[in-house]
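S.K.: Sharing a structure with you now.
Residue numbers (my numbering), protein chains in the order written: chain G, 1 to 403; chain C, 1001 to 1403.
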């Protein structure tokens, strides 16, 4: 029998016992949102590729404006006009200027742009500059933003809309991403019926199948839901073997009776190696983890609340490991609305509602003994009370993991 | 000319000038993740629908265990066994008990369950109970979690994986959700080329089209990207009219030159009503908002960094309003890694990286004058410095909106 492990030990186990699958594919930019970048993106070109003005106004030589004022404008001859989207293929000599729009190219010889608000057009081919301009002012130089060789994005990043914008800017319209990890989900329990069935006496609907499928899909996995298997070791073994063949990882939930948990352990041992039997958290203790080659085989608690916490805290990081995902998650800091006791010895997980009040974020803990729906529906996330803590007072700050 | 409005005024404008579209559809549970719930979900049944044990052990009458101990066990006759997923259609009389698995139904007459660890099977049809049990102990009663009439989820909620689980539990496999809002995205600018083209002299790639498309799709909108339109008032008018006919909202970005901004205003006025010309934020001031009927017509700044901030702060709430979405967003509290100046008079928005260090979350601000890619790629979010603030010291707490 393996010992119960702490959450930190479980996360270390995930890092040491599993390695990234390393399968990648190229997707068009329009399909890259939320995918895990497979390679670092290195700029091949300059952005912008030419010196640009950041204002509407006149490009000129800064030195020609030194000492000018409203009272004594610098008078410059307008020798050209830059059109948006066209090159400025002329050069400015001393005491000349050229009109440039915001974002327009800057002609050679110019080293600043004066905002149109500080100029006066005399209508005779000259303009007056009312305010001196320093060299470089109101310009973006070629490569100011990015130049060739610069790393734009790291591999392992989950691409955001903003990353998509940056990739568009450098013309990266085919993006190397990690293939979605394929996960098999099995629910077990003689008492389970599908969600669209009406439960008979002693029966309940399968919650973990739909819940885990949605959670893993939202994380970027491809899920095969194998449905419900009754508590029969041989049937369970067959189903797990099929799932392990078709998928990169298998998650079985339920089977909370002692006999079935032991059966799951035996099946995992027969398929590979048992790594873990029990995590020191509440709820979520009866969690099993093993592997067949590099394929994780995971047994989650049957109670949906517990299954959901364990999935978010350990299964998602494990799938992230398989996908080479290097992104950190961030928690929301909130203030507890009421005091809360805790059993020390095990980390205690508590679901909560979040609300904005008076410029603060408040966490209102869910209290429920059975708590299937109460702990899931309409809830914003959960927080963890550390194992050395005997409870938290009202007003304590908690770090909330968002659902 | 309309006055520049504060962010609070813009958000109030959105609430008062636009109303929810009110179009709904039913989707299967497996497609409901991330959708906006159109109606409150009210439970029609009891969950659980029967009294259940939360432990493996023996169901019995609590009174029969009072006063027992290791030394003087209470001896009870085993008169039945409950099978998982089946009803317990027998009743317990005084000094009898029945084996129940975790989650199993409780026979009539029993009012507690004793954990198997505190019992001893004498092998002669009797068991000894070593520890007294209070009435109700280790039981979940019918409807403890949910009973008919209870509101499970509010309309306007964006459905999470956990909500999907709760809906499965009550057998709600067809879910009423708000139809996706359809948004037309137009990029304008003579300097723009599509992301897959190589920019010529004076040209840059269109960033806002792909960026806004991804951002709005991630929010749950359906996006039609109308591509790039050159800075020509008549062409722009035609394109905006087509988009307004085909979509529920139109967003045009770019056209940063004064002439084109004025053209956008004229077009919006000719199509309906101009509501806003300028927001007191930096960057993002040259934002335009109007409407044709209940259809928002929005002009975003051409600079992708600014367009992105304005889209996240104002366009998403506006689309949320159209979708009847009632969800609050939560920010991540982080500590500034360096001091930062601010121009008072306008709210200043600053992109940042986030990192975990020593149990704290740190925000490292992006500093960049041009900042197209630097402000977008690999960035975690942004924070706002209020308009009365002249700057923030290193170590100040900021509220970060995640990308």
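Think of the CB as a built atom: it goes at the ideal place given N, C-alpha and C, for glycine as much as any other residue. Computed from a prediction, not measured in an experiment: that's the story for all the values here.
Taking only the alpha-carbon atoms, compute the straight-line gap between residue 193(G) and residue 38(G) and give it to the nearest angstrom.
M.R.: 40 Å
S.K.: 8 Å is my cut-off, CB to CB: does residue 147(G) come that close to chain C?
M.R.: It does not: the Cβ of residue 147(G) has no partner Cβ on chain C nearer than 8 Å.
S.K.: Is it true that the CB of residue 1205(C) sits closer than 8 Å to the CB of residue 156(G)?
M.R.: no
S.K.: Span of the beta strand (DSSP E) holding residue 1185(C)?
M.R.: 1182 to 1188
S.K.: Determine, using beta carbons only, whether residue 265(G) comes closer than 8 Å to chain C.
M.R.: no
S.K.: Please check if any C-beta of chain G sits within less than 8 Å of the C-beta of residue 1107(C).
M.R.: Residue 1107(C) has a beta carbon lying at 8 Å or more from every beta carbon in chain G.
S.K.: With 8 Å as the threshold, decide whether the Cβ of residue 1218(C) is near any Cβ in chain G.
M.R.: yes
S.K.: Quick one: using the 10 Å Cβ neighbour count with 16 as the cut-off for buried, is residue 1347(C) buried or exposed?
M.R.: buried
S.K.: Just verifying my parser: in three-state terms, what is the DSSP assignment at residue 102(G)?
M.R.: Of the three classes helix, strand and coil, the one that applies to residue 102(G) here is coil, per DSSP.
S.K.: Give the single residue among 233(G), 305(G), 63(G) whose Cα lies nearest to the Cα of residue 403(G).
M.R.: Ranking 233(G), 305(G), 63(G) by Cα distance to residue 403(G) puts 305(G) first.
S.K.: Grab the span of the alpha helix (DSSP H) containing residue 1066(C) for me, first residue to last.
M.R.: First-last for residue 1066(C): undefined, no H or E at that position.
S.K.: Return the chain-ordered ranges of every beta strand (DSSP E) run that is complete within the region 103 to 149 of chain G and spans a minimum of 3 residues.
M.R.: 112 to 115, 119 to 121, 126 to 129
S.K.: Under a CB-based cut-off of 8 Å, is residue 309(G) close to chain C?
M.R.: No Cβ of chain C is located within less than 8 Å of the beta carbon of residue 309(G).
S.K.: Measuring only between beta-carbons, confirm whether residue 84(G) sits less than 8 Å from chain C.
M.R.: yes
S.K.: Give the residues from the region 1092 to 1118 of chain C that approach chain G closer than 8 Å (Cβ to any Cβ), ordered along the chain.
M.R.: 1101, 1102, 1103, 1104, 1105
S.K.: Determine which residues share a DSSP beta bridge with residue 1081(C) and list them.
M.R.: In the DSSP output, where bridge partners are listed per residue, residue 1081(C) has 1099(C).
S.K.: Measuring straight from C-alpha to C-alpha, what distance separates residue 162(G) and residue 1142(C)?
M.R.: 49 Å
S.K.: For chain C, check one thing: does any of its Cβ atoms lie closer than 8 Å to the Cβ of residue 22(G)?
M.R.: Taking 8 Å as the threshold, the shortest C-beta distance from residue 22(G) to chain C does not fall below it.
S.K.: With three or more beta-carbon pairs closer than 8 Å as the criterion, would you say the region 1111 to 1127 of chain C touches the region 1055 to 1062 of chain C?
M.R.: yes
S.K.: Does any residue of chain C have a CB that is nearer than 8 Å to the CB of residue 376(G)?
M.R.: yes
S.K.: Count the other CB atoms, across all protein chains shown, that sit within 10 Å of the CB of residue 65(G); report buried if there are 16 or more and exposed otherwise.
M.R.: buried
S.K.: Does chain G have any CB closer than 8 Å to the CB of residue 1018(C)?
M.R.: Under the Cβ distance rule, residue 1018(C) does not count among the residues neighbouring chain G, no pair being separated by less than 8 Å.
S.K.: Can residue 1019(C) and residue 1294(C) be called in contact, C-beta distance under 8 Å?
M.R.: Remark: C-beta atoms of residue 1019(C) and residue 1294(C) approach each other more closely than 8 Å.
S.K.: Determine which residues of the region 1332 to 1346 of chain C have a Cβ less than 7 Å from any Cβ of chain G, and write them out in chain order.
M.R.: 1332, 1333
S.K.: What did DSSP end up calling residue 278(G) once you bin it into helix, strand or coil?
M.R.: coil
S.K.: What residues match up with residue 340(G) in a beta bridge as DSSP calls it?
M.R.: According to DSSP, residue pairing for residue 340(G) in a beta bridge involves 392(G).
S.K.: Enumerated in chain order, which unbroken segments of the beta strand (DSSP E) with a length of 3 residues or greater are wholly contained in the region 1215 to 1288 of chain C?
M.R.: 1222 to 1229, 1249 to 1254, 1273 to 1277
S.K.: Nearest-angstrom Cα distance between residue 989(C) and residue 1009(C)?
M.R.: Outside the shown range of chain C (1001 to 1403) lies residue 989(C), about which nothing can therefore be said.
S.K.: Rounded to whole angstroms, what's the CA-CA distance from residue 169(G) to residue 153(G)? Just pull it up for me.
M.R.: 13 Å
S.K.: Which value, in whole angstroms, describes the spacing of the CA atoms of residue 200(G) and residue 226(G)?
M.R.: 22 Å
S.K.: Is the number of C-beta pairs between the region 82 to 96 of chain G and the region 23 to 40 of chain G that are closer than 8 Å three or more?
M.R.: No contact exists between the region 82 to 96 of chain G and the region 23 to 40 of chain G.
S.K.: Can you pull the chain G neighbours of residue 1379(C), defined as C-beta to C-beta under 7 Å?
M.R.: 162
S.K.: Determine the burial state of residue 1198(C): buried for a count of at least 16 other Cβ atoms within 10 Å of its Cβ, exposed for fewer.
M.R.: Sixteen is the threshold: since fewer than 16 other Cβ atoms of the shown chains lie within 10 Å of the Cβ of residue 1198(C), the residue is exposed.
S.K.: Since residue 1355(C) and residue 1364(C) should fall inside the 8 Å C-beta cutoff, what is the C-beta to C-beta distance between them, to a whole number of angstroms?
M.R.: 7 Å
S.K.: Specify, as a first and last residue, the run of the beta strand (DSSP E) that residue 1060(C) falls within.
M.R.: Residue 1060(C): member of the beta strand (DSSP E) spanning 1057 to 1060, first to last residue.
S.K.: Which partner residues of residue 1332(C) appear in the DSSP bridge assignment?
M.R.: 1400(C)
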